[in-house]
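S.K.: Residue numbers (the working numbering): 2 to 641.
All C-beta atoms in this analysis are idealised placements derived from N, C-alpha and C, irrespective of residue type, glycine included.
If you're wondering where the values come from, they're calculated on a predicted model, not measured in any experiment.
Okay, handing you the structure first.
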């Protein structure tokens, strides 16, 4: 395990949680702990959690008594604690209580609902030393301290219950401990240190809903006579991580913590996904499913695994834990439907986003292969990857059947916070993403097709290469058609007209004022209908439009209330039809307090998603040069 010397002033993220590779995680009650190194006048070291939000703060801190002196603040140590090693589920610190008493503190999360540690004191001096260790437990909920309870066991040992909550009754056990008094929430033990000798004290906190179950779990871990084998396994897993040195210590530390974070985000397989999967974060206030299940959806941090996040962490995970990386891909394929559909965010609690995953799974599988060299893994995945790629060209995704699909949801993989698609933002156009053909999606599909061809070559599958190559060339042609050679940029285009309307204003007025009179639009386009005012609550509104469509046919369109995205007194909707002329436009259910604004869809604005084709590997030298020039232009993307 790599050795460090980190103080409170160094970049660090010392959180620990149960390691999925050890196979002891609980998806519904996962407890993450954070180490805190204090300032000179603060407790030198404390281990803290929020038990997934069930308490405001729970913490454990050691107090040392040497003669008449009490040591717990940082300034009281001869050498304050420094962090010397860390892993996703383990922390090790070194300190000197006095010039003669050296201290090693180890913290280890054995499973999702149990954390423990061992503190080793060494007497490096020539005189015997007596040291008393007190383990102090504190818990606060709704700004009130929870009452602690001492429990005397049959063997004479004393345990400490850290409060009584409906879903939690944490139990602290310390080897050989006694209760100092009935008024102080601490367990203590006297350590007699002969010259040159060392003494180790172990402790465990188990956090279960029932007191007796927690007491049993804590006792089971504390009764194991030797933790060395388990901690050796932790060190062995940690040794698999890349050892990165940049010449700048802060960068080295940040990179190392990033690696730990990626691995710590995995939880063990459940009956809903066959392999360990990751969550977006594991923090002290996360992990407890109050309703019995974690919510799903793109905004839920414990809602499932996504392809973009998987691509981000795949290199680190594949190097340190190849089976975890391969398991990510296998989880996606495990939820594949008969028609090739794969959900964009499958979760360990059977969550689904009910949106097709972005077309990057072959890229993900090949990334894992690149680091593991496991060709058999690619062979295992190929048929599922091909079916998923084909699914992207079905009529519910490629709505105009031209061979270039459209996004179905901004969260699916589009740049939903950009100026073109952002909803609920006054600066955002709020365009319906399903009505637009996007260069970023085209680039992903080009990349996916080229990756499938590469995989086919590795596996000697000439039939696959012959099948995918024409599609790859067609997708390249679509991508090139969205290139503006004069401006040197890629652009969005309307799904049906392939035009690039610039957002000209057609009409603005009060909510109860209809717009009448023949108006010829500057260019055939869909319309964006915007409403603002009133209360935050969405009104019961609708809109009727009459006029001439793109093909010159008189028609009308009814826009129902559910088509309007509404947020804090502002809403918008995109028309399904492309209009050439507007003869009548009337809003229903709005009063004069609302302001309405009708304009052409604006697909002319540039955003960072339009730089994604650079990553496709399919651009000409000129396109690469001009895209890089745009990206590095300080007047566009490198401003302060």
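Given residue 44, which residues of its chain have a CB within under 7 Å of its CB, disregarding the five upstream and five downstream residues?
M.R.: Looking up residue 44 in the chain shown gives position 43. Excluding residues within five positions, the ones whose Cβ falls inside 7 Å are 62, 73 and 74.
S.K.: What is the DSSP secondary structure of residue 445, counted as helix, strand or coil?
M.R.: Numbered from its first residue, the chain shown carries residue 445 at position 444. The answer is helix: DSSP assigns residue 445 an H, G or I state.
S.K.: Pop quiz: residue 392 and residue 435 are said to be a contact at Cβ under 8 Å. What is the actual Cβ separation, rounded to whole angstroms?
M.R.: Locating residue 392 in the chain shown gives position 391, where the first residue counts as 1. Locating residue 435 in the chain shown gives position 434, where the first residue counts as 1. Actually they do not touch by this definition, with Cβ atoms about 16 Å apart.
S.K.: Here's the rule: buried if 16 or more other CB atoms are within 10 angstroms of the residue's CB, otherwise exposed. What is residue 102?
M.R.: The residue you call residue 102 lines up with position 101 of the chain shown. Buried, since its Cβ has 16 or more Cβ neighbours within 10 Å.
S.K.: Cβ atoms of residue 261 and residue 89: under 8 Å apart, would you say?
M.R.: Here residue 89 refers to the residue found at position 88 of the chain shown. Here residue 261 refers to the residue found at position 260 of the chain shown. Taking 8 Å as the Cβ cut-off, residue 89 and residue 261 qualify as a contacting pair.
S.K.: For residue 213, does the three-state DSSP call read helix, strand or coil?
M.R.: Here residue 213 refers to the residue found at position 212 when the chain shown is read from its first residue. Three-state result, residue 213: helix.
S.K.: What residues in its chain sit with their C-beta under 6 Å from that of residue 507, if we drop five residues either side in the sequence?
M.R.: Mapped onto the chain shown, residue 507 falls at position 506. Excluding sequence neighbours, residue 507 sits near 599 and 600.
S.K.: Please go through the segment 292-357 and give each complete beta strand (DSSP E) segment of 3 or more residues, from N-terminal end onward.
M.R.: DSSP runs (the beta strand (DSSP E)) wholly in the segment 292-357: none.
S.K.: Closest to residue 377 by C-alpha separation, out of 554, 7, 331 and 293, would be which residue?
M.R.: Locating residue 377 in the chain shown gives position 376, counting from the first residue. Closest option to residue 377, Cα to Cα, is 331.
S.K.: Going by C-alpha to C-alpha distance, which of 204, 254, 138 and 430 sits closest to residue 58?
M.R.: The residue you call residue 58 lines up with position 57 of the chain shown. The residue from 204, 254, 138 and 430 with its alpha-carbon nearest to that of residue 58 is 138.
S.K.: Specify the secondary structure class of residue 183 as computed by DSSP and reduced to three states.
M.R.: Mapped onto the chain shown, residue 183 falls at position 182. With a pLDDT of only 47 at residue 183, under 50, the local geometry of the prediction cannot be trusted, and the value read off the model is given with reservation. In the structure shown, residue 183 sits in coil (DSSP, three-state: anything other than H, G, I, E or B).
S.K.: Quick one: any contact between the segment 633-640 and the segment 487-503, if contact means 3 or more CB pairs under 8 Å?
M.R.: no
S.K.: Give, in chain order, every unbroken run of the alpha helix (DSSP H) that is at least 4 residues long and sits entirely within the segment 423-495.
M.R.: 440-459 and 463-482
S.K.: Less than 8 Å between the C-beta atoms of residue 610 and residue 419, yes or no?
M.R.: Position 609 of the chain shown holds residue 610. Position 418 of the chain shown holds residue 419. Going by C-beta atoms, residue 610 is nearer than 8 Å to residue 419.
S.K.: Given a cut-off of 8 Å, decide if residue 132 and residue 122 are closer than it, judged by their beta-carbon atoms.
M.R.: Here residue 122 refers to the residue found at position 121 of the chain shown. Here residue 132 refers to the residue found at position 131 of the chain shown. Yes, the Cβ-Cβ distance between residue 122 and residue 132 is below 8 Å.
S.K.: If I follow the unbroken alpha helix (DSSP H) through residue 369, where does it start and stop?
M.R.: Locating residue 369 in the chain shown gives position 368, counting from the first residue. Residues 362-373.
S.K.: Buried or exposed: where does residue 217 fall if 16 or more other Cβ atoms within 10 Å of its Cβ makes it buried?
M.R.: The residue you call residue 217 lines up with position 216 of the chain shown. Result: exposed.
S.K.: Using only CA atoms, which one of 583, 587 and 98 lies nearest to residue 522?
M.R.: Here residue 522 is taken as the residue at index 521 of the chain shown, counted from 1. Nearest option by C-alpha distance: 583.
S.K.: Is residue 359 closer than 8 Å to residue 425 when the C-beta atoms are compared?
M.R.: Counting from one through the chain shown, the residue named residue 425 turns up at place 424. Counting from one through the chain shown, the residue named residue 359 turns up at place 358. Contact flag unset, no.
S.K.: Can you tell me whether residue 97 is helix, strand or coil according to DSSP?
M.R.: One-based indexing of the chain shown puts residue 97 at position 96. Here DSSP, grouped into helix, strand and coil, assigns residue 97 to strand.
S.K.: Alpha carbon to alpha carbon, what distance is there between residue 210 and residue 326?
M.R.: The sequence position of residue 326 within the chain shown is 325, counting from 1. The sequence position of residue 210 within the chain shown is 209, counting from 1. Distance between the alpha carbons of residue 326 and residue 210 is about 33 Å.
S.K.: Going along the chain, which residues of its own chain have a beta-carbon closer than 6 Å to the beta-carbon of residue 143, five neighbours each way excluded?
M.R.: The residue given as residue 143 occupies position 142 in the chain shown. Excluding sequence neighbours, residue 143 sits near nothing in its chain.
S.K.: Pick out the complete beta strand (DSSP E) segments inside the segment 567-625, 3 residues or longer, and give them in chain order.
M.R.: 571-575, 580-589 and 595-601
S.K.: Which residue spans inside the segment 233-304 form an unbroken alpha helix (DSSP H) run of at least 4?
M.R.: 250-265
S.K.: Can you tell me which residues form a DSSP beta bridge with residue 401?
M.R.: Taking the first residue of the chain shown as 1, we reach residue 401 at position 400. Answer by DSSP bridge pairing: none, since residue 401 is not bridged.
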